[in-house]
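Novice: Numbering (UniProt numbering), first residue to last: 1 to 116. Built from N, CA and C at the ideal position, the CB exists for glycine as well. Let me give you the structure first, and then I'll get to my questions.
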C-alpha cells in the first residue's frame, strides 16, 4: 500500500517537463482515432493546457491520425493521468487506476510465487 501511495506522490511531484512526457505517452498509447476529448482533474489544470494538447495533435498527424484532440473544459475527480472520451465511451487512464492495476498485477505475481 505504502509503495503505491509513494509512487503516486512521486509522479504528481514530477517536474512539468517530466509530467508532460508521462501524460503525453499515456495519451499517445491510448488514442484510437485522434478526435477524442481529453478529461483531466482540476489539480492538472495548470499543467495540461490547450497548447500541450495541440503539440500532441501535431504528433498524431505526423503518425497518420486525425490530430483533433480536444481538452475538456470540465474537470473530473481524478488526481493525475487523464480520461479519454469518445462519444459515450470513456477510457480511464487516471493515475489512480493505473496504480490500482499495477498493484493487482503485483499481488497476483506474488501469490503465484508464494502458493504455487
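From residue 87 to residue 116, what does the alpha carbon distance come to, in whole angstroms?
Specialist: Here the C-alpha atom of residue 87 lies approximately 44 Å from the C-alpha atom of residue 116.
Novice: Roughly how many whole angstroms lie between the Cα atoms of residue 63 and residue 32?
Specialist: Their Cα atoms are separated by approximately 12 Å.
Novice: Which of the three DSSP states is assigned to residue 92 in this structure?
Specialist: strand
Novice: Taking a contact to mean a Cβ-Cβ separation below 9 Å, would you say residue 80 touches residue 96 in this structure?
Specialist: yes
Novice: Label residue 3 either buried or exposed according to how many other C-beta atoms from any shown protein chain fall within 10 Å of its C-beta, with 16 as the threshold for buried.
Specialist: exposed
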